[in-house]
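Novice: The structure's right below; bear with me while I get my questions together.
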Amino acid sequence: MRPQPRMVEVRQRVLKQNDLLARNLRERFRRAGTYVVSIVSSPGSGKTTFLERLLATLRGQSRVAALVGDLATENDALRLQRSGAPVKQITTGSVCHLDASMVSNALEGWDVSKLDILFIENVGNLVCPSSYNLGEDLRVVLLSVTEGEDKPLKYPTIFNTADVAVITKMDLATAVEFDRDAAHRNIQSVRPGMRVFEVSAKTGLGMRQWTEFLLSVH
Ligand SMILES: Nc1nc2c(ncn2[C@@H]2O[C@H](COP(=O)(O)OP(=O)(O)OP(=O)(O)O)[C@@H](O)[C@H]2O)c(=O)[nH]1
Ligand SMILES: [Mg+2]
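In the numbering used here, the protein residues as written are 1 to 218.
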């Protein structure tokens, strides 16, 4: 009896299935000319607040929309809808990440060719989302100043599978004695060369640089 290898096999099959669906999604987005940005981070590090500000800023110049994942509630979708952009909530029940099929189902009824940028806020989690490709062009990992500079070292996979990092809640940096050098050093040690932005979605600090970067890559 070899229970462990069998478990690994099932997991690999699930991931392979997701990769196939993600490839279809990626192709669909490419044909539609839609740039897709996914956001991952631990719970409460500021994904929705960051997106609220981004949607409000970009609404005037780009056709933007968002999908947002949580285990339960429509709270984040209701917050993001205030921007006036199309937004859909994905509730995952007990699942700690979004997968490509959830994204595909949520897009039903949407003409993606009418979107310039689609944002996907993943379920707040520093582990599960890293294995699931969503067909995105850019994966952004957020790290808030309140959660500790060591998070990149403890959760390297989520940083390794992201393209760019954003340090959030910079307005609280002094209050929590945030060690900026250590945070940057830790990010670079798990993902050398990673581009890192520092923002406060509350005060707007750093948001212009971030938005300019996004518009330059999309
Ligand atoms: N001071 C400060 N607080 C912030 C900032 N961004 C978010 N917050 C606060 O942090 C808390 C969590 O913010 P959310 O945007 O809901 O975080 P989230 O990552 O979307 O949370 P989940 O979706 O539950 O994982 C809220 O109380 C926000 O007001 C910021 O830039 N500065
Ligand atoms: Mg949120």
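Yeah, the Cβ is synthetic: ideal placement off N, Cα and C, and Gly gets one too.
Pick from L118, D150, G148: whose alpha carbon is nearest that of R139?
Specialist: Of the candidates L118, D150, G148, the one whose C-alpha sits nearest the C-alpha of R139 is L118.
Novice: Figure out for me which residue from L172, S189, K88, F197 has the closest Cα to the Cα of V141.
Specialist: The option with the nearest alpha carbon to V141 is F197.
Novice: Taking the straight line between their C-alpha atoms, what separation do you get for L205 and N160?
Specialist: Using only the alpha carbons, I get a separation of about 26 Å.
Novice: Can you have a look at S94 and say buried or exposed, based on whether 16 or more other CB atoms are within 10 angstroms of its CB?
Specialist: So S94 counts as exposed.
Novice: Jot down the residue ranges of each uninterrupted beta strand (DSSP E) in the region 157–182, minimum 3 residues, whole runs only, in chain order.
Specialist: For the region 157–182, whole beta strand (DSSP E) runs of length 3 or above, ordered along the chain, are 164–168.
Novice: Given a threshold of 16 other Cβ atoms within 10 Å of its Cβ, counted over all protein chains shown, does E121 qualify as buried or as exposed?
Specialist: The residue in question, E121, is buried, as its Cβ has 16 or more Cβ neighbours within 10 Å.
Novice: Give me whichever residues DSSP pairs with E9 in a beta bridge.
Specialist: None; E9 has no bridge partner.
Novice: Please check the pair R65 and V87, which I expect to be a contact at CB under 8 Å, by giving their CB distance rounded to whole angstroms.
Specialist: One point to set straight first is that residue 65 is Ala, not Arg, in the sequence displayed. Their Cβ separation, rounded to whole angstroms, is 7 Å, which keeps A65 and V87 in contact under 8 Å.
Novice: Determine the direct distance from the alpha carbon of L134 to that of L153, and round the result to whole angstroms.
Specialist: For L153 and L134, the distance between alpha carbons rounds to 24 Å.
Novice: Assess contact between the region 160–172 and the region 25–35, defined as three or more Cβ pairs (one per stretch) separated by less than 8 Å. Is contact present?
Specialist: Flag = no, the region 160–172 and the region 25–35 do not touch.
Novice: Take L51 as the anchor and find which of L80, G33, A32 has the nearest alpha-carbon.
Specialist: Looking at the Cα atoms, L80 is the closest of the given residues.
Novice: Using CA atoms only, rank isn't needed, just tell me which of H184, V145, L107, Q17 is closest to F29.
Specialist: When each option's Cα is compared against that of F29, the closest is L107.
Novice: Where the beta carbon is closer than 6 Å to any heavy atom of ligand 2, which residues qualify, in chain order?
Specialist: Result (chain order): K47, T48, D76, E121.
Novice: Have a look at G148, Q89, V164 and flag the residue whose alpha-carbon is nearest the alpha-carbon of L214.
Specialist: It is V164.
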